[in-house]
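The structure under discussion appears below in the form of structure tokens.
Residue numbers (my numbering), protein chains in the order written: chain A, 242 to 484; chain B, 242 to 484.
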């Protein structure tokens, strides 16, 4: 399992949410949760001199013998590491990004859906599909052809003033920023639905945006041949989550 | 990607098959294939003093920065390692094994199907479902409920003298021993079909067996409440592949 966490001015603003997701992942994969106070102390140590950094926590089942059978009492491997803040163009946040549709499908498996586990070969293959630096992100669909997420972001669209985001019960990563967007929408009375999102619905949306813990929210200007203008719902939610 | 290879008396009898599968995996994952002569020299070195051993080759995309984007020129990590031969009871091979049905489903994704890649969380969760040492292996079904394979073996059944094994176009690992069984069946005129295998068909089969490169062939005596007797087709193929 892993968590990718924004570290700002001596703390991780969404620390509790990341820890809750890590806890849920540990439960689903039958791993003992690392003690939160140990993780917090390690995070403060590796980010001690950083105003702005990406903090990554990796938890694995640890070392074992050959074969798939997990050790009875796994000794977790825990990695807490700091990365430099990525330098994305300001325009991504202000004017929005260009995306493409990826060919690599996401497999559906309710047992793994939502988790931020480390079996990410699908995302690696999807991200390898393009080199064009004008394309900031790719849309991934499941094996049924429905829209699920970006390679490193969750995706939202607005159609007739309804906010819509894919259901992640069968695949996809349930992002911390997705949760924050949903809560902010609810708090502002923006009607929202979590459900099936077809490509056609995405292509003909009024507004589209993507989000994750590091980039927060990027409006989408283009997906392949389809163009979008950052609209009022995207702007309102963007202000809300970066407040 | 990885390969698990039987090493006997100074060589790997199915070396070329393992290398062909590794090559196919490298092509599908866009990895440069390690030079076969280098792998062969390393295999001979790590197994130099072994009459009987498990040789494992692991190939990864190597080290890179944060994020899913693969490096333009990956420097592969290559691991060639020897493990002791596993000590399974003789009865597994002679009288057969007991199996159980696993609850953890296999996700369907044609892009990854057949490959012996390292994203094996499903197998780890499936193998963690039981502790009973009387159960040697578990049957895994896909998310549609069809039978695909064992956690570490491929599965075959015989019904009305027809040999049947699941199609691996959507998920599963295409094992080297599965290939050998299929070729031996063809060479002996045993009619064979690769296709969809429902649980009901498996439960009511005349014979069932599993296979992999290390165990070769184990007849199946029991899957849950269903019992089987090792039959003539299983015996004939068992003799053929261990010849």
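Every residue, glycine too, gets a C-beta built ideally from N, C-alpha and C.
By the DSSP assignment, the beta strand (DSSP E) with residue i in it spans what residues?
| i | result |
| --- | --- |
| residue 371 of chain A | Careful: residue 371 of chain A lies outside any beta strand (DSSP E) and carries neither H nor E. |
| residue 434 of chain A | 433-436 |
| residue 398 of chain B | 395-400 |
| residue 247 of chain B | 243-249 |
| residue 390 of chain A | 388-391 |
| residue 458 of chain A | 457-464 |
| residue 453 of chain B | 448-453 |
Give the secondary structure of residue i by DSSP, where H, G and I count as helix, E and B as strand, and everything else as coil.
| i | result |
| --- | --- |
| residue 301 of chain A | strand |
| residue 326 of chain B | coil |
| residue 338 of chain A | strand |
| residue 283 of chain B | helix |
| residue 383 of chain A | strand |
| residue 442 of chain B | helix |
| residue 407 of chain B | strand |
| residue 309 of chain B | coil |
| residue 273 of chain B | coil |
| residue 467 of chain A | strand |
Name the two residues that bound the continuous alpha helix (DSSP H) containing residue i.
| i | result |
| --- | --- |
| residue 418 of chain A | 417-428 |
| residue 266 of chain A | 256-269 |
| residue 482 of chain B | 473-482 |
DSSP beta-bridge partners for residue i?
| i | result |
| --- | --- |
| residue 362 of chain A | Paired residues: none, contrary to the question. |
| residue 345 of chain A | According to DSSP, residue 345 of chain A bridges with nothing at all. |
| residue 321 of chain B | B:298 |
| residue 252 of chain A | A:249 |
| residue 414 of chain B | B:355 |
| residue 316 of chain A | DSSP output for residue 316 of chain A lists no bridge partner at all. |
So, for residue i: in the same chain, excluding its five sequence neighbours on each side, which residues have a beta-carbon less than 8 Å away from its beta-carbon?
| i | result |
| --- | --- |
| residue 291 of chain B | 248 and 323 |
| residue 359 of chain B | 242, 243, 299 and 301 |
| residue 469 of chain B | 337, 446, 447, 448, 449, 460, 461, 462 and 463 |
| residue 412 of chain A | 347, 348, 349, 350, 353, 354, 383 and 389 |
| residue 483 of chain A | 457 and 458 |
Beta-carbon within less than 7 Å of residue i's beta-carbon, same chain only, minus the 5 sequence neighbours each way: which residues are those?
| i | result |
| --- | --- |
| residue 269 of chain B | 356 |
| residue 485 of chain A | Since the displayed chain A opens at 242 and closes at 484, residue 485 of chain A lies outside it and no answer follows. |
| residue 272 of chain B | 300, 302, 315 and 317 |
| residue 426 of chain B | 404, 433 and 478 |
Please work out which residues of its chain come closer than 6 Å, Cβ to Cβ, to residue i, disregarding the five sequence neighbours upstream and downstream, and give them in chain order.
| i | result |
| --- | --- |
| residue 432 of chain B | 403 |
| residue 445 of chain B | none |
| residue 266 of chain A | 242 and 356 |
| residue 298 of chain B | 244 and 321 |
| residue 255 of chain A | 417 |
| residue 364 of chain A | 392 |
| residue 421 of chain A | 482 |
| residue 471 of chain B | 337 and 460 |
| residue 395 of chain A | 416, 419 and 452 |
Compute every distance between the C-beta of residue i and the non-hydrogen atoms of the ligand HEM, then say whether any falls below 7 Å.
| i | result |
| --- | --- |
| residue 293 of chain B | No copy of the ligand HEM appears in this structure; indeed no ligand is present at all. |
The stretch 369-403 of chain A: positions lying closer than 7 Å to chain B by Cβ: Listed by position, the residues of the stretch 369-403 of chain A near chain B (Cβ gap below 7 Å) are 369, 384, 392 and 393.
Which residues, in chain order, does the stretch 303-318 of chain A contribute to contact with chain B at a C-beta distance below 9 Å? Flagged, chain order: 306, 307, 308, 309, 310, 311 and 313.
Within 8 Å of chain A by C-beta, residues of the stretch 255-278 of chain B in sequence order: Flagged, chain order: 270 and 271.
Between the stretch 426-444 of chain A and chain B, which residues of the former have a C-beta closer than 8 Å to a C-beta of the latter? Of all residues in the stretch 426-444 of chain A, none has a C-beta nearer than 8 Å to a C-beta of chain B.
Positions along the stretch 281-299 of chain A whose CB lies within less than 9 Å of some CB in chain B: Within the stretch 281-299 of chain A, the residues whose Cβ lies closer than 9 Å to some Cβ of chain B are 295 and 297, listed in chain order.
Check each residue of the stretch 334-349 of chain B: if its Cβ is closer than 7 Å to any Cβ of chain A, include it; give the result in chain order. Listed in sequence order: 345, 346, 348 and 349.
Which residues of the stretch 405-422 of chain A have a Cβ closer than 9 Å to any Cβ of chain B? Give them in chain order. Residues 411 and 412.
Short-range partners of chain B found in the stretch 453-466 of chain A, where Cβ spacing is below 9 Å: Answer set for the stretch 453-466 of chain A: empty.
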